[in-house]
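**Student:** First the structure, which I've put down as structure tokens, then a few questions once you've had a look.
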Amino acid sequence: MMKTDEKLIVKGKRIDGRKPDEIREVEMKVGVIPNANGSAQVRLGNTIALAAVYGPRPLYPKFLQKYDTGILKCRYNMAPFSVDERINPGPSRREIEISKVTRLALEPALFLEEYPETVVDIFIEIIQADGSTRVTGINAASLALADAGVPMKDLVVALSGGKVDDTVIIDLCGKEDNFSDADIPFAFMPRKKNITLLQMDGRLNPEEVKTIVKNILKAGEKLYEKQKNALRKKYEEIG
Amino acid sequence: MRPEYILKLIENNERIDGRKLDEFRKITVEKGYIKRAEGSARVKMGKTDVIVGIKMETGKPFPDMPDMGILKTGAEFSPIASPDFESGPPGEDATELARIVDRGIRESESIDLGKLCLEEGEKSWEVFVDIHTINHDGNLIDASALTAVAALSITKIPEIEDDKIIRDKLVKKLPLSHQPITVTVGKISDKFIIDPLKEEEEVLNSRLTVAIREDGKICAMQKSGNEGISHEDFEKMLDLAIKKSKELRKLI
Chain F
4 MMKTDEKLIV KGKRIDGRKP DEIREVEMKV GVIPNANGSA QVRLGNTIAL AAVYGPRPLY
64 PKFLQKYDTG ILKCRYNMAP FSVDERINPG PSRREIEISK VTRLALEPAL FLEEYPETVV
124 DIFIEIIQAD GSTRVTGINA ASLALADAGV PMKDLVVALS GGKVDDTVII DLCGKEDNFS
184 DADIPFAFMP RKKNITLLQM DGRLNPEEVK TIVKNILKAG EKLYEKQKNA LRKKYEEIG
Chain E
-8 MRPEYILKLI ENNERIDGRK LDEFRKITVE KGYIKRAEGS ARVKMGKTDV IVGIKMETGK
52 PFPDMPDMGI LKTGAEFSPI ASPDFESGPP GEDATELARI VDRGIRESES IDLGKLCLEE
112 GEKSWEVFVD IHTINHDGNL IDASALTAVA ALSITKIPEI EDDKIIRDKL VKKLPLSHQP
172 ITVTVGKISD KFIIDPLKEE EEVLNSRLTV AIREDGKICA MQKSGNEGIS HEDFEKMLDL
232 AIKKSKELRK LI
């Protein structure tokens, strides 16, 4: 992990002026990609994710079809221009893993067994990255699924937490992510507080891990409201 | 029929091989198994069999860390290990496994990468951790992580003469500061199990993998499996992983 001499917390404030338990400015919008069955754009500070859902639609080649359930496919991709140093197109090991954990984060919210022989495709594009990209992508995907009218048990809310300068924080920006002592990407279904994504790297005491998880569960409620408002807004605009 | 049987047993706190729910299989750790590698180990966890070889190469350090060595971890699910594994480039599961093992080593600051630079910005040691599955009977993550740590513990750095690596002259030990131990806790209905067999993995609802350092710090976590876990279960699974890591640590 990289080190920096710069203090990441000064007088209780973070480098972008936030309090430790404050999330960045959030913007959520659904129905942003006309061709998709459902879509959304989510912005968390300077991190912007787009998600599109296609399906449920028949799965080809046919031998991949499952007779008793539909399947979910996820692709998390970072645009080459989304970061300082250009990213080569094509899936990296990081992107392969994130695609998998994203799929597992969303799957518990769906009733795929109601759609045998089909696939639900979710494509996530990170068009601008400033930390917490996978959780921003999951929020966008959750909204896109709901926008597509795919029945869901609950929305999936995603948020990161971590520790910098001996302070427990949530919603890490890029710089905090690079220089943090620890980072926990997290997703859950708020109604039953069911955890569907939990990763961690860094160095934390078990008590700190538990505290960060509690803080995320609490702060996630705000994102849950924002997701619901974004969905309502689409129909208000049409209505 | 078989999955229901396994499930029924576990609900009665029993397992198909007679173990307790939180009991590891018999584990053997054989260090230095591959003579051509600069470090290696072979671990058997019951019928699960994993070899890790460490190769030391030199390469250009990353531009943002010009004075550090480089760690690269790869995993190959060789088709010899299971009827479910196919040849070809590493798939999603192998990639995830390699990255979980990598994070355990990297985030625990196990290898002292700061001591592996040969020429700032130009040349550093690269530590290649290659995980090779020989037989897959479940719990590949814990087995691979344990094998990697065992292999690193005996890794030696070769001599360099005229820019060439002299492989038969191993001059010093790979500088290590910490040792991460990785434990996965599986959840089936309302039970938690340790070291699942392959057949048990197929009925698991969810899993939590935790890497723990010798000073008790948590260095990496990964939730996987098709279902979510409750907040309460997460804390129980974390505590169980910490408790069981002490047993594995004794083996290396």
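Quick note, the sequences are listed as chains F and E, same order. If you count by my numbering, then the first sequence holds residues 4 to 242, one letter each, in order. If you count by my numbering, then the second sequence holds residues -8 to 243, one letter each, in order. Glycine included, each C-beta is placed from N, C-alpha and C at the ideal position.
DSSP state of residue 111(F), grouped into three classes?
**Tutor:** helix
**Student:** Any beta carbon of chain F sitting closer than 8 Å to that of residue 90(E)?
**Tutor:** yes
**Student:** Against chain E, which members of the stretch 209 to 227 of chain F pass a CB distance test of less than 9 Å?
**Tutor:** 209, 211, 212, 213, 216, 217, 220
**Student:** List the residues that DSSP assigns as beta-bridge partners of residue 50(E).
**Tutor:** Partner(s): 115(E).
**Student:** Whose C-beta lies closer than 7 Å to the C-beta of residue 21(E) among residues of the same chain, with five residues either side of it excluded?
**Tutor:** 32, 33
**Student:** Taking beta-carbon pairs under 9 Å, can you tell me which members of the stretch 29 to 56 of chain E lie near chain F?
**Tutor:** 54, 55, 56
**Student:** Could you give the distance in angstroms between the alpha-carbon of residue 103(E) and the alpha-carbon of residue 7(E)?
**Tutor:** 42 Å
**Student:** Does the Cβ of residue 17(F) have 16 or more other Cβ atoms within 10 Å, making it buried, or fewer, making it exposed?
**Tutor:** buried
**Student:** Do residue 111(F) and residue 192(F) have their CB atoms nearer than 8 Å?
**Tutor:** yes
**Student:** Can you grab the Cα-Cα spacing for the pair residue 25(F) / residue 175(F), in whole Å?
**Tutor:** 10 Å
**Student:** Looking only at DSSP bridge pairs, what is residue 183(E) linked to?
**Tutor:** 178(E)
**Student:** Please name the residue in 217(F), 99(F), 195(F) whose C-alpha comes closest to that of residue 187(F).
**Tutor:** 217(F)
**Student:** Suppose the cutoff is 8 Å on Cβ atoms and the five residues either side in sequence are ignored; what does the same chain contact list for residue 233(F) look like?
**Tutor:** 31, 32, 33, 43, 146
**Student:** Relative to the C-alpha of residue 181(E), which candidate in 202(E), 228(E), 189(E) has its C-alpha closest?
**Tutor:** When only C-alpha atoms are compared, the closest one is 228(E).
**Student:** Excluding the 5 residues flanking residue 4(F) on each side, which residues of the same chain have their C-beta closer than 6 Å to its C-beta?
**Tutor:** Summary for residue 4(F): the model assigns pLDDT 49, below 50, so the residue's position carries little reliability, and this model does not support an answer.
**Student:** Any C-beta of chain E sitting closer than 8 Å to the C-beta of residue 207(F)?
**Tutor:** yes
**Student:** Thinking C-beta only, is residue 196(F) closer than 8 Å to residue 197(E)?
**Tutor:** If you check the CB distance, residue 197(E) and residue 196(F) do not come in under 8 Å.
**Student:** Would residue 44(F) count as contacting chain E if we go by Cβ distances under 8 Å?
**Tutor:** No - not a single Cβ of chain E is within 8 Å of the one on residue 44(F).
**Student:** For the beta strand (DSSP E) containing residue 178(F), name the first residue and the last one.
**Tutor:** Careful: residue 178(F) lies outside any beta strand (DSSP E), inside the alpha helix (DSSP H) at 177 to 182.
**Student:** How far does the beta strand (DSSP E) with residue 76(F) in it extend, from its first residue to its last?
**Tutor:** 74 to 81
**Student:** Rounded to the nearest angstrom, what separates residue 55(F) and residue 99(F) at their Cα positions?
**Tutor:** 18 Å
**Student:** Taking Cβ-Cβ distances below 8 Å as the criterion, which residues of the stretch 101 to 124 of chain F are in contact with chain E?
**Tutor:** 102, 103, 104, 107, 110, 111
**Student:** Which chain F residues are close to residue 208(E), counting only those with a beta carbon under 8 Å from its beta carbon?
**Tutor:** 206, 207, 208
**Student:** Where does residue 4(F) fall in DSSP's three states?
**Tutor:** Per-residue confidence for residue 4(F) stands at a pLDDT of 49, beneath the threshold of 50, marking its modelled position as unreliable; the derived number appears in the next sentence. Three-state result, residue 4(F): coil.
**Student:** Nearest by alpha-carbon distance to residue 65(E): which of 56(E), 46(E), 204(E), 212(E) is it?
**Tutor:** 46(E)
**Student:** Closer than 7 Å by C-beta to residue 12(F): which residues in its own chain qualify, once you throw out the five before and the five after it? Chain order, please.
**Tutor:** 167, 168, 170
**Student:** Strictly by DSSP, which residues pair up with residue 199(E)?
**Tutor:** Bridge partners of residue 199(E): 176(E), 214(E).
**Student:** Alpha carbon to alpha carbon, what distance is there between residue 116(E) and residue 116(F)?
**Tutor:** 50 Å
**Student:** Taking the continuous beta strand (DSSP E) assigned at residue 31(F), which residues delimit it?
**Tutor:** Annotation: the continuous beta strand (DSSP E) that includes residue 31(F) extends over 29 to 33.
**Student:** Would you mind giving the Cβ-Cβ distance between residue 128(F) and residue 53(F), rounded to the nearest angstrom? I have them listed as a contact below 8 Å.
**Tutor:** 5 Å
**Student:** Confirm, please, whether the CB-CB distance from residue 15(E) to residue 270(E) is below 8 Å.
**Tutor:** In the structure as shown, chain E starts at -8 and stops at 243, and residue 270(E) therefore has no counterpart that could be examined.
**Student:** Okay, do the stretch 162 to 175 of chain E and the stretch 126 to 133 of chain E touch, 3+ Cβ pairs below 8 Å being the bar?
**Tutor:** yes
**Student:** Suppose you measure from the CA of residue 109(F) to the CA of residue 60(E); what does that come to, to the nearest Å?
**Tutor:** Distance between the alpha carbons of residue 109(F) and residue 60(E): 37 Å.
**Student:** What separation, rounded to the nearest whole angstrom, lies between the Cα atoms of residue 86(E) and residue 239(F)?
**Tutor:** 44 Å
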